[in-house]
Every structure is written in structure tokens, then in C-alpha cells.
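A.B. asks: The following block contains the structure, expressed as C-alpha cells.
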Ligand SMILES: C[S@@+](CC[C@H](N)C(=O)[O-])C[C@H]1O[C@@H](n2cnc3c(N)ncnc32)[C@H](O)[C@@H]1O
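In our numbering, the protein residues as written are 1390 to 1597.
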């Protein structure tokens, strides 16, 4: 999936090509995100690296006013189309931006980052620091990351451990209450019938 990427390929070039002409992801909200936020009342939210927007649309359908940001305009156009079909255009908003340069103009009640992995340059530490600073006092930050994939899975992306993500977030203990910090394992299989274990790290913090 991530092979033969020419040197100098930008994030936008790579991800626009990746999304191409047809739907890539399932269209379903991430079950771990659902688990982490379904108890929260709605407010304002931002999803960093939203891809085709399934999580944004799920939040919008539950009453959140949500901004989805991604570097790939192709994915965002598809997300806007899905949002229209779901009847949530008034509360699902989209912004094409490279998160390495994105500076939030406001803070949000919920900031989410699901699987922000990339085979091209990605300043994860900076982006996660921005995610933390974009969380309003009393607001919630959720970061889901792949921590390990089966050995038959494409190895082109270096995956951070739970500890890596926590270090990158650098949430001061006197300013954040860490409510979830765990690794969740799940059996997955590919089109050839191979199965294996995928591990995802889950961090949910509340800004005091
Ligand atoms: C593995 S996908 C995950 C998409 C979505 N969050 C999900 O869980 O389905 C990673 C996403 O991050 C986006 N992305 C990668 N680098 C980015 C960057 N520098 N700025 C903004 N988005 C970026 C990609 O376009 C892609 O949609």
C-alpha cells in the first residue's frame, strides 16, 4: 500500500493519491472513539487527520459541532458528500490543511486524533502538542494510534508505542487528568485469509 514513494513527495501529494477515486475506509465510526466519548455531552470538536470523515459525521449526528481537518482535499470532498447524505452538513465542517502548520484559532470541547500515521514526513510531536493546546479547559483529548500490526502488514510506517504517544503529548500532570491509557488488541485478517493481532494505544485526557 505504501511502497515506492518518490523522495520529496509531500503529505498532500501522497494522501491525495492514496485516497484516489474510490472510498478507502469503512465509513463506520471508530469503535474505540465511540467507547471513549459516547458518555460526553455535545459541544465543539475537531478531528485532526479526519480522512473520509466517518468520525466527524458520527459526532455531528450526536449533536457536536465538528471541524474535520485533513491534508487531502480528495478525502475531504468525499467526507462532505457523506455528511450531506447523513444530513449533518450544518454541523460537520471541513478544512484542508497540513497539520504541521495548522494553528487553531480557538479551543474545542473535544479534540480527537485517530491513527495519524504517515509514510511521508510527519511531525507527530508538534501535531500532538497542538492537539493538546487546542483542548479547552474542561475539554477532552482522545488520541488513538496503531502500536503494532501483524508481521504480514505493510511495515512502511513506524508505529509509536503508547509511551511514545504519551511522551509526545507531554500533558502536565497538574493540568490534565488522564482517564484512559491502555493498549487494546484485536484480531484482524487480510484478503488472503491471514490473521494476526493489531494493537492500538488509547489515550483520553481531560484538561483541568
Ligand atoms: C491512517 S489515515 C487515518 C484517517 C482517519 N483518522 C481514520 O481513522 O480513518 C491518516 C490520515 O492523516 C492524514 N494526514 C497525514 N498527514 C497529515 C498532515 N501532515 N496534515 C493533515 N493530515 C494528515 C491523511 O490524509 C489521512 O487521512
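Glycine residues also receive a C-beta, built at the ideal position from the N, C-alpha and C atoms.
On a predicted model such as this, the values are computed, not experimentally measured, just so you know.
#1: Going by C-alpha to C-alpha distance, which of 1547, 1449 and 1413 sits closest to residue 1475?
#2: For residue 1593, collect the residues of the same chain with a Cβ closer than 6 Å to its Cβ; drop the 5 residues on either side in sequence, then sort them by chain order.
#3: May I ask whether a heavy atom of ligand 1 can be found less than 7 Å away from the beta carbon of residue 1414?
#4: Take residue 1537 and list the residues in its own chain whose beta-carbon comes closer than 8 Å to its own, dropping the five residues that flank it on each side.
#5: Residue 1393: buried (16+ other C-beta within 10 angstroms of its C-beta) or exposed?
#6: Could you spell out the range, first to last residue, of the beta strand (DSSP E) harbouring residue 1484?
#7: For residue 1506, is the beta carbon positioned less than 7 Å from some heavy atom of ligand 1?
#8: For the putative contact between residue 1368 and residue 1418, defined by C-beta atoms under 8 Å, what is the C-beta separation to the nearest angstrom?
#9: Using 8 Å as the Cβ pair cut-off and three pairs as the minimum, do the stretch 1552-1561 and the stretch 1506-1524 touch?
#10: Express the C-alpha separation of residue 1480 and residue 1413 in angstroms, rounding to a whole number.
#11: Express the C-alpha separation of residue 1428 and residue 1406 in angstroms, rounding to a whole number.
#12: Let me check one thing: in DSSP terms, what residues is residue 1581 bridge-paired to?
#13: Should residue 1541 go down as buried or exposed, given a rule of 16 or more other Cβ atoms within 10 Å for buried?
#14: Select from 1488, 1470, 1496 and 1416 the residue whose C-alpha is nearest the C-alpha of residue 1454.
#15: How is residue 1496 classed by DSSP in three states: helix, strand or coil?
#16: Verify whether the separation of the beta carbon atoms of residue 1468 and residue 1442 is less than 8 Å.
#17: Please report the residue range of the beta strand (DSSP E) in which residue 1446 lies.
#18: Alpha carbon to alpha carbon, what distance is there between residue 1580 and residue 1562?
#19: Pick from 1565, 1596, 1591 and 1535: whose alpha carbon is nearest that of residue 1577?
#20: Could you check the C-alpha separation between residue 1472 and residue 1416 for me, to the nearest Å?
#21: Taking residue 1470 as part of the alpha helix (DSSP H), name the residues at either end of that continuous run.
#22: Where residue 1462 and residue 1527 are concerned, what is the direct C-alpha to C-alpha distance, given to the nearest angstrom?
C.D. replies: The answer reads as follows:
#1: 1449
#2: 1425, 1531, 1568 and 1569
#3: yes
#4: 1548, 1586, 1587 and 1588
#5: exposed
#6: 1481-1485
#7: yes
#8: An answer regarding residue 1368 cannot be provided, because it is not within the stretch 1390 to 1597 covered by the chain.
#9: yes
#10: 23 Å
#11: 36 Å
#12: Residue 1581 is not bridged to any residue.
#13: exposed
#14: 1496
#15: coil
#16: yes
#17: Element bounds for residue 1446: not the beta strand (DSSP E) but the alpha helix (DSSP H), 1443-1450.
#18: 44 Å
#19: 1535
#20: 11 Å
#21: 1462-1475
#22: 32 Å
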